[in-house]
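So the protein sequences, as listed, match chains C and A. To convert, note that position 88 of the first sequence is 93 in the working numbering; the numbers rise steadily by one, no gaps. To convert, note that position 450 of the second sequence is 498 in the working numbering; the numbers rise steadily by one, no gaps. Even glycine gets a Cβ: it sits at the ideal position worked out from N, Cα and C. Okay, so here's the structure we're looking at.
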Amino acid sequence: MKEISELLFPDDIRYTKDHEWARLEDGTVRIGISDYAQDQLGDVVFVEVPEVGATFNRGEECGTLESVKAVGSLYIPVSGEIVAVNNDLEESPALVNSAPYGGGWIAEVKPSDLSELDTLMSSKDYLEMLKGMTQ
Amino acid sequence: MNEFGGTTGLILEEPLLTEKGKKGRMGMSLPRRDIERAPMDETLKGEGPRLPDLSEVEVVRHYTRLSTWNFGVDTGLYPLGSCTMKYNPKTNERQAALTGFAGAHPLLPEKLSQGALKIMYELERFLAEITGMDSVSLQPSAGAHGEFAGMLVFHAYHKSKGSNRTKIIVPDTAHGTNPASAALCGFSPVNVKSNERGVLSPEAIAAVMDEQTAGIMVTNPNTLGFFEENIKEIAEIVHARGGLVYADGANMNAVMGIVSMGDIGIDVLHLNLHKTFSTPHGGGGPGAGPVCVKRHLERFLPVPRVVEQGGRYRLSYDFPHSIGKLHAFYGNVGIMIRAYSYILSLGPELKRVSQLAVLNANYVKEKLKDTLHLPYDRPCMHECVFSDKLQAPLKVTTLDMVKRLIDYGFHPPTIYFPLVVHGAIMIEPTETESREEIDRFIRAFKEVVKEAGEDPERLHKAPHSTKVRRLDETAAARNPRLTCF
Chain C
6 MKEISELLFP DDIRYTKDHE WARLEDGTVR IGISDYAQDQ LGDVVFVEVP EVGATFNRGE
66 ECGTLESVKA VGSLYIPVSG EIVAVNNDLE ESPALVNSAP YGGGWIAEVK PSDLSELDTL
126 MSSKDYLEML KGMTQ
Chain A
49 MNEFGGTTGL ILEEPLLTEK GKKGRMGMSL PRRDIERAPM DETLKGEGPR LPDLSEVEVV
109 RHYTRLSTWN FGVDTGLYPL GSCTMKYNPK TNERQAALTG FAGAHPLLPE KLSQGALKIM
169 YELERFLAEI TGMDSVSLQP SAGAHGEFAG MLVFHAYHKS KGSNRTKIIV PDTAHGTNPA
229 SAALCGFSPV NVKSNERGVL SPEAIAAVMD EQTAGIMVTN PNTLGFFEEN IKEIAEIVHA
289 RGGLVYADGA NMNAVMGIVS MGDIGIDVLH LNLHKTFSTP HGGGGPGAGP VCVKRHLERF
349 LPVPRVVEQG GRYRLSYDFP HSIGKLHAFY GNVGIMIRAY SYILSLGPEL KRVSQLAVLN
409 ANYVKEKLKD TLHLPYDRPC MHECVFSDKL QAPLKVTTLD MVKRLIDYGF HPPTIYFPLV
469 VHGAIMIEPT ETESREEIDR FIRAFKEVVK EAGEDPERLH KAPHSTKVRR LDETAAARNP
529 RLTCF
């Protein structure tokens, strides 16, 4: 496992206390899990993505990630409808580990209330929270 | 001699049985035919099974060699937490192998099966006495099967009351099979977090218990190795709102003869004969997970049930409210005989089993708590849970340390469970290990941690002296290769 200083937390995305990230792209929000979350889970071997067309309220469980060590839940960072999922994860769940913010994205949400995004943490706040947790 | 027992030696390779032998070879002699040859019905003819042709010595060497690659409780200390890998006394095997038992067929009439039925009847009574419950069914064939039976009893109870409850409370320190068993019966598990002491608080249960909730599944002692000290109050809260209390008794080894589950508000409990009662364990069975209930739930127990009338025993299906049959015939009877033998061997000393199991776990906890991070520093029951937090800066993980323990001659403890402790190392020494053996284990763990500071690479690559080295668990999970012949 890595030190927090070795992990990457890009500035252009928002984070949740449950270690998901959310990025606004042309009106939809792309979601995934943070570098910290993938590092804690270890090698991901299976990702259960939500169904396209399903709707969730913020904080509801919308998928699961299974690693050799544990099974983790994916909680949706913003309310809305799932409009796309990353089908590459079926063949290559390792993308979540190797590129958590890129090829390892999990789903795209059409948000029902875009202002929810503003209530999520900035990379600076998220990093502060992680430092507090590990002390 | 190496202090720790772990050493290297000649390891013999062995192919699959299908890759051995020669056409026409045979391990037995068939008796000479003494009747006339009769033609076989054409419809029964076909290709025979693809079984290899082998001699007796080829088969014996095959399995003997495979057994030398293995590690079991007869080989050494096996501190797999929450699994209670205690030694299986050989007298149990001897009793189960008695011709009258080993040769008994489940289709024999009842008058020729009185011995087996009597043992089953009496074992039920023993287990009821040990747990403080009223009635027992020995039928479920494993712990999770017992949980499943218990959940069916919950469902039958609520149905009899005309209610249709949909939820079950499952704490984060329960065994992983609990939410699965509840879900299999159509209930939605509701997760509840344990408090800062590692146990459930009554307030947390009161907050989620409602009229839609069928009850709670508590593992007690829980997977952090702590006794749920608020269980009575929790049971009152659940009962007051019409729910039932299920206890996962897989950790019963800590409280035999000490806690009466019936008196602390438990309605349904399962036991693992293959853990607490020293019957063989691992490799997928056969096991036994008897389900024990309080009087008011007795009518829902699985059928058939063993009943006694004037000193005669029979199997009865005459229980109209029963949840039904869960197993062919009456479960794994050979396992029941072993447990019966164990209970009779120890008698009132069963209480001492639990006392020593708890003492051993606390000894390990105290001796290792300066070496490994101990997240909950308080007296434990039958197992203690450490983490790899102190070794994290060295880039050495729980997995690395326990793999290295194998080189010292010890089976790894349970790892990465319970999930509430990050990088968990869960150690359950059981009562059957001697002080010297436990001391060796403790010294070995300290050596491993010392190595973590001096040569982390040695740990990353461990084990070094086994037949197969570190297995790639990730590749196995991502690309499982399932073959059969």
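A/Pro219 and A/Ser242 do touch by the CB rule: their CB atoms are close to 6 angstroms apart, below 8 angstroms. If you compare the alpha carbons of A/Met181, A/Gln143, A/Ile178 and A/Met49 with that of A/Ala164, the shortest gap goes to A/Gln143. Looking at A/Pro460, A/Gly96 and A/Val469, the one whose alpha-carbon comes closest to that of A/Leu128 is A/Pro460.
The beta strand (DSSP E) runs lying completely inside the segment 302 to 381 of chain A and spanning 3 residues or more are 316 to 318, 339 to 341, 353 to 357 and 360 to 364, given in chain order.
Inside the segment 246 to 305 of chain A, DSSP marks whole alpha helix (DSSP H) runs of 4 or more residues at positions 250 to 256 and 279 to 288, from first to last along the chain. The distance from the Cβ of C/Ala99 to that of C/Val49 is about 7 angstroms, consistent with a contact at the 8 angstroms cut-off. Put simply, the backbone Cα of A/Ala204 is about 53 angstroms away from that of A/His512.
For C/Met6, the neighbours in chain A by C-beta distance under 7 angstroms run, in chain order, Ala440 and Thr445. As computed with DSSP, A/Met474 is found in a beta bridge with A/Val433 and A/Thr462. As the crow flies, the alpha-carbon of C/Glu25 is around 20 angstroms from that of C/Val73. Under the 8 angstroms criterion on CB atoms, C/Val54 is classed as non-interfacial with respect to chain A.
Setting aside the 5 residues that flank it on each side, A/Lys166 is surrounded in the same chain by Tyr361, each with a C-beta closer than 7 angstroms to its C-beta; the list follows chain order.
The C-beta separation of A/Val497 from A/Thr446 comes to about 12 angstroms, leaving the pair out of contact by the 8 angstroms criterion. Taking C-beta separations shorter than 7 angstroms and ignoring five residues to either side along the sequence, the partners of A/Met300 in its chain run Leu319 and Thr324, following chain order. Residues of chain C with a Cβ closer than 9 angstroms to the Cβ of A/Tyr464 are, in chain order, Gly47, Val73, Lys74 and Ala75. Residue contact with chain A for C/Val101: absent (no Cβ-Cβ distance below 8 angstroms to any residue of chain A).
No Cβ of chain C is located within less than 8 angstroms of the beta carbon of A/Glu281. As the crow flies, the alpha-carbon of C/Glu121 is around 16 angstroms from that of C/Asp17.
When DSSP states are grouped into helix, strand and coil, C/Leu29 belongs to the strand group. Take the alpha-carbon of C/Ser84 and the one of C/Val34: they are about 10 angstroms apart.
Within the segment 405 to 458 of chain A, the beta strand (DSSP E) runs of at least 3 residues that lie entirely inside it are, in chain order, 432 to 434. With its beta carbon at least 8 angstroms from every one in chain A, C/Pro105 lies outside the interface. The Cβ atoms of A/Ser189 and A/Pro334 lie closer than 8 angstroms to each other. Within chain C, the residues Asp48, Val50 and Val73 have their CB atoms less than 7 angstroms from the CB of A/Thr522, given in chain order. By the rule that beta-carbons nearer than 8 angstroms mark a contact, A/Arg526 touches chain C. According to DSSP, residue pairing for C/Arg19 in a beta bridge involves C/Ala27. Per DSSP, C/Glu71 is one residue of the beta strand (DSSP E) stretching across Glu66 to Ser72. In the assembly as shown, A/His344 is an exposed residue. Its beta-carbon has fewer than 16 other beta-carbons within 10 Å. With a cut-off of 8 angstroms on Cβ pairs, the segment 467 to 476 of chain A is in contact with the segment 423 to 440 of chain A, counting three or more such pairs. Checking the DSSP bridge columns, you'll see A/Ser183 partnered with A/Val341.
Closer than 9 angstroms at the C-beta level to chain C, one finds these residues of the segment 463 to 490 of chain A: Ile463, Tyr464, Phe465, Leu467, His470 and Gly471. Listed as beta-bridge partners of C/Ile38 by DSSP are C/Glu25. When C-alpha distances from A/Val412 are compared across A/Ile454, A/Leu78, A/Asp448 and A/Arg491, the shortest belongs to A/Arg491. Under the DSSP assignment, A/Lys159 falls outside any beta strand (DSSP E); it carries neither an H nor an E label.
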